[in-house]
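The structure under discussion appears below in the form of C-alpha cells.
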Amino acid sequence: NAGVTQTPKFRILKIGQSMTLQCTQDMNHNYMYWYRQDPGMGLKLIYYSVGAGITDKGEVPNGYNVSRSTTEDFPLRLELAAPSQTSVYFCASSYGQGLTYEQYFGPGTRLTVT
Amino acid sequence: AQTVTQSQPEMSVQEAETVTLSCTYDTSESDYYLFWYKQPPSRQMILVIRQEAYKQQNATENRFSVNFQKAAKSFSLKISDSQLGDAAMYFCAYRSGDGTASKLTFGTGTRLQVTL
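If you read the sequences in order, they're chains Y and L. Take any residue in the first sequence, note its place counting from 1, add 154, and you have its number in the working numbering. Take any residue in the second sequence, note its place counting from 1, add 18, and you have its number in the working numbering.
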C-alpha cells in the first residue's frame, strides 16, 4: 500500500493564481483531512471529510475549497493565491474516530506564493 | 475551543540520556485523546504515542512514555536512552472524544536535538 500520497511535492505560485493540491489514499479510509503548517508552528486544520460527498470546515478554511467525490481522493483547491497561503500542506486520513484509528499523514506539499 | 501549549521551543539531550518534553492543554471536555507526533526533517508526521483521557495508566511505547496528569491538564513525553534518530520536531496534539470527526489540535512543537 502506498498510504497517503500528495502531489506535487513543491510548488511556487504567483499571487492571484489558482491550483489544486492532490491527495489520494489507498487504505479505504472514511475520514480525510487537510492541514497547513506555517513555519515554526503546529498543524492547523483547513477542511475535513467524513465520507464521499461530505465535507466541513476546519479552523482555517478561508481561501480554500475541497470536494470529495470518491473515498480515495480529497483535493484541496486554492483560488486567488495570496502570500499568506505560503505553507506546507498535509493531507491525512483515518478509518474512524476511535483512539485506535490513528491519522496517517502524507509527505506534505511545500507551497510558496510570491 | 481547545488549545495545546508546548512551552519549550527547543530541547537538547545527549545520546543515551533521558529527556522530557512538556505539553499542557486546555479543555472543558472530560472525554478526549492526547497524542505525541514526531516530525523528522523528511516532514513525515509519525505517531509516537497516544493516551485516552479516561485511562489513569500512563501509556508506554518502548523508549517513549508519557506522564499524564489530567487534573493539571499536562501531558509530557519522556524519551529514554535517546538515540540520534530521535532528533526531530515533536508535536503534542489533542482530539475530542465527543464523536465528531477526529480533528486534531496541535501545539507549536518542540525541536529536539540529540548530541553525541
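Positions of the beta carbon are idealized from the N, C-alpha and C atoms, including for glycine.
Residues that DSSP places opposite residue i in a beta bridge
| i | result |
| --- | --- |
| Thr128 (chain L) | L:Tyr108 |
| Asp49 (chain L) | DSSP, once it has assigned bridges, lists no residue as partnering Asp49 (chain L). |
| Glu79 (chain L) | L:Phe82 |
| Ser40 (chain L) | None, per the DSSP bridge assignment. |
| Arg264 (chain Y) | Y:Phe164 and Y:Val242 |
| Lys56 (chain L) | L:Ile64 and L:Tyr108 |
| Glu256 (chain Y) | None; Glu256 (chain Y) has no bridge partner. |
| Lys96 (chain L) | L:Thr38 and L:Ser83 |
| Ser25 (chain L) | Looking at the DSSP assignment, Ser25 (chain L) forms no beta bridge with any residue, so it has no partner. |
| Glu70 (chain L) | L:Tyr51 |
Residues near residue i in its chain [Cβ-Cβ closer than 7 Å; skip 5 each side]
| i | result |
| --- | --- |
| Gly207 (chain Y) | Arg222 |
| Tyr72 (chain L) | Asp49 |
| Ser94 (chain L) | Thr38, Leu39, Ser40, Cys41, Val84 and Asn85 |
| Asp192 (chain Y) | Ser241 |
| Lys211 (chain Y) | Tyr201 |
| Gln26 (chain L) | Leu39, Ser40 and Thr128 |
| Lys88 (chain L) | Ala71 |
| Leu232 (chain Y) | Ser172, Met173, Gly217, Tyr218 and Gln239 |
| Glu35 (chain L) | Ser100 |
| Asp141 (chain L) | The requested residue 141 (chain L) is not part of the displayed model; chain L covers only 19 to 134. |
Spatial distance of residue i from residue j (CA atoms)
| i | j | result |
| --- | --- | --- |
| Asn219 (chain Y) | Ala19 (chain L) | 23 Å |
| Ile166 (chain Y) | Thr174 (chain Y) | 12 Å |
| Val37 (chain L) | Thr225 (chain Y) | 41 Å |
| Thr159 (chain Y) | Trp188 (chain Y) | 12 Å |
| Ser114 (chain L) | Asp99 (chain L) | 32 Å |
| Leu234 (chain Y) | Ile169 (chain Y) | 7 Å |
| Ser60 (chain L) | Cys110 (chain L) | 18 Å |
| Phe179 (chain L) | Glu213 (chain Y) | Nothing can be reported for residue 179 (chain L), as the shown portion of chain L is limited to 19 through 134. |
| Thr263 (chain Y) | Lys163 (chain Y) | 5 Å |
| Met195 (chain Y) | Leu134 (chain L) | 28 Å |
| Lys198 (chain Y) | Pro261 (chain Y) | 16 Å |
| Cys177 (chain Y) | Pro58 (chain L) | 21 Å |
| Pro215 (chain Y) | Val31 (chain L) | 38 Å |
| Thr126 (chain L) | Tyr108 (chain L) | 9 Å |
| Met181 (chain Y) | Gly157 (chain Y) | 6 Å |
| Asp116 (chain L) | Gln62 (chain L) | 28 Å |
| Asn80 (chain L) | Arg190 (chain Y) | 30 Å |
| Lys121 (chain L) | Gln257 (chain Y) | 9 Å |
Beta-carbon proximity list for residue i, same chain, < 6 Å, skipping 5 on both sides
| i | result |
| --- | --- |
| Met186 (chain Y) | Ser203, Phe228 and Ser247 |
| Thr266 (chain Y) | Ile166 and Thr240 |
| Ser16 (chain L) | This structure cannot settle anything about residue 16 (chain L), because the visible part of chain L is limited to 19 through 134. |
| Gly205 (chain Y) | Asn184 |
| Gln154 (chain Y) | Only positions 155 to 268 of chain Y appear in the structure, and residue 154 (chain Y) is not among them; the question remains open. |
| Val66 (chain L) | Trp54, Lys56 and Phe82 |
| Tyr255 (chain Y) | Ser248 and Tyr249 |
| Ile64 (chain L) | Lys56 |
Neighbourhood of residue i by C-beta, 8 Å cutoff - its chain only, sequence neighbours within 5 removed
| i | result |
| --- | --- |
| Met29 (chain L) | Val37, Leu39, Thr128, Arg129, Leu130 and Gln131 |
| Gln69 (chain L) | Tyr51, Leu52, Phe53, Asn76, Ala77, Val84, Phe86 and Phe93 |
| Thr209 (chain Y) | Tyr201, Tyr202, Ser203, Val220, Ser221 and Arg222 |
Q.
Just to confirm the assignment: which complete beta strand (DSSP E) runs, minimum length 3, are found wholly within the stretch 158-189 of chain Y?
A. 158-161, 164-167 and 173-179
Q) What are the residues of the stretch 69-92 of chain L that lie near chain Y, defined by any Cβ-Cβ distance shorter than 9 Å? A) Gln69 and Glu70
Q.
My parser needs the beta strand (DSSP E) runs of 3 or more residues fully inside the stretch 198-254 of chain Y; what are they?
A. 208-211, 218-220, 230-232 and 241-248
Q: Using a Cβ-Cβ cut-off of less than 8 Å, list which residues of the stretch 223-234 of chain Y approach chain L; keep chain order.
A: none
Q: Determine which residues of the stretch 193-213 of chain Y have a Cβ less than 9 Å from any Cβ of chain L, and write them out in chain order.
A: Gly194, Met195, Gly196, Leu197, Lys198, Leu199, Tyr202, Ser203, Val204, Asp210, Gly212 and Glu213
(Q) Give me the subset of the stretch 155-180 of chain Y whose CB atoms are less than 9 Å from a CB atom of chain L, sorted by chain position. (A) none
Q) Going along the stretch 240-263 of chain Y in order, which residues come within less than 8 Å of chain L, judged by CB to CB distance? A) Val242, Phe244, Ala246, Ser248, Gly250, Gln251, Leu253, Tyr255, Glu256, Gln257, Phe259, Pro261 and Gly262
Q: Could you list the residues in the stretch 39-67 of chain L with a C-beta less than 9 Å from some C-beta on chain Y, going in chain order?
A: Tyr51, Phe53, Tyr55, Gln57, Ser60, Arg61, Gln62, Met63, Ile64 and Leu65
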